[in-house]
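Participant: Numbering (our numbering), first residue to last: 181 to 422.
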Ligand code: ADP
Ligand code: UDP
């Protein structure tokens, strides 16, 4: 698979065209941003860790018949993916109250929500990714009603599958963000990444934060935590060594 011109460089990843128009090369960077780009830094080895974790999780989700863009890992920090027409909506699923939900509700951090909560945010850095409703999505024709139904069901199924995956690794899946797109046949596919950059993970025994909140909140041990999460994904023996 030959890497051609750069299609897009975002905050955490670079997308390249390849010799096949239906396939892109997705490269994961060590760059980290938070608070919509206001805080910037690097997390050593993050590109490697997020590539490994995302690839494994996408393979795992595919085994549950969730269509994902993942095709192949081609280097430490690169994977090939299906070229998608992205739907400009960030879909957030929450199991436990944290992050921006605390500002928009009476919940305290750590409150277990009575049922998984599905939220939608417009993917638009210039507008600070505002929260939007299902009605907004349809009114602005960000996707069809059928696609909205499909991606919402997929998000809840991904949550169910991921929750038990992480439970077995002694991790609480607090919340996470997904992005979907459509392939050339018009099918809704899970794109982007699933990693400690896009999920909140808490150690199930100690409630210690095991994700990008360590960078956002300057909690220290950022690189070590990303590596710990990589090892947990692969069920390597991390529990005794802690
Ligand atoms: P951001 O755009 O938020 O800075 P990234 O650095 O993660 O984010 O950039 C990755 C970009 O690639 C995102 O805009 C995402 O929507 C887009 N993307 C993810 N998967 C695909 C795909 N399979 N096809 C096309 N675009 C994708
Ligand atoms: N998230 C993300 N990208 C974003 C915004 C949020 O990956 O641009 C993830 C974030 O890591 C968390 C979940 O989505 O796991 C919910 O984020 P929240 O709305 O609480 O916003 P935050 O306080 O993280 O900005």
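Cβ coordinates follow ideal geometry from the N, Cα and C atoms, glycine included.
Quantities reported herein were computed from a predicted structural model and do not represent experimental measurements.
1) By Cβ distance below 6 Å, which residues in the same chain neighbour residue 190 in space, the five residues on each side in sequence not counted?
2) Apart from the five residues on each side of it in sequence, which residues of its chain come closer than 6 Å, Cβ to Cβ, to residue 301?
3) Residue 376: buried (16+ other C-beta within 10 angstroms of its C-beta) or exposed?
4) Around the ligand ADP, what residues have a beta-carbon under 6 Å from a heavy atom of it, in chain order?
5) Let me check understanding here. Comparing Cα to Cα, which of 296, 274, 232, 226 lies closest to residue 254?
6) Does the ligand UDP have a heavy atom nearer than 7 Å to the CB of residue 229?
7) Which of the three DSSP states is assigned to residue 233 in this structure?
8) Three-state secondary structure (DSSP) at residue 189?
9) So that I know if they touch, is there some Cβ in chain C lying closer than 8 Å to that of residue 373?
10) Using a Cβ-Cβ cutoff of less than 7 Å, which residues in the same chain neighbour residue 388 once the five nearest sequence positions on both sides are dropped?
11) With residue 211 and residue 225 assumed to form a contact (beta carbons below 8 Å), what rounded beta-carbon distance in angstroms separates them?
12) Would you decide whether residue 285 is buried or exposed? Buried here means 16 or more other CB atoms lie within 10 Å of its CB.
13) To the nearest angstrom, how far is it from the Cα of residue 398 to the Cα of residue 223?
14) Which residue wins for smallest C-alpha separation from residue 200, given the options 263, 238, 248, 242?
15) What is the DSSP secondary structure of residue 196, reduced to helix, strand or coil?
16) Distance, Cα to Cα, residue 318 vs residue 305?
17) Thinking residue 298 and residue 336 are a contact (beta carbons under 8 Å), I'd like their distance in whole angstroms, please.
18) Per DSSP, residue 252 is paired with what?
19) Rounding to the nearest angstrom, what Cα-Cα distance links residue 260 and residue 252 in this structure?
20) For residue 404, which residues of its own chain have a beta-carbon under 8 Å away from its beta-carbon, when the five flanking residues on both sides are left out?
21) What are the start and end residues of each continuous alpha helix (DSSP H) run of 4 or more residues lying completely inside the region 276 to 313, in chain order?
22) DSSP three-state call for residue 383: helix, strand or coil?
Facilitator: In this structure, then:
1) none
2) 270, 309, 311
3) buried
4) 188, 190, 191, 192, 193, 195, 204, 249, 261, 262, 263, 264, 266, 359, 361, 371, 372
5) Nearest of 296, 274, 232, 226 to residue 254, Cα basis: 232.
6) no
7) helix
8) strand
9) Going by chain labels, chain C is absent from the structure shown, which holds only one protein chain.
10) Only 382 meet the Cβ criterion.
11) Wrong, their Cβ atoms sit about 12 Å apart, outside the cutoff.
12) exposed
13) Between the C-alpha atoms of residue 398 and residue 223 there is a straight-line separation of about 12 Å.
14) The residue with the shortest Cα to Cα distance from residue 200 is 263.
15) strand
16) Between residue 318 and residue 305, the C-alpha separation is close to 20 Å.
17) 7 Å
18) 260
19) 5 Å
20) None.
21) List check, alpha helix (DSSP H) in window: 281 to 284.
22) Correct three-state label for residue 383: strand.
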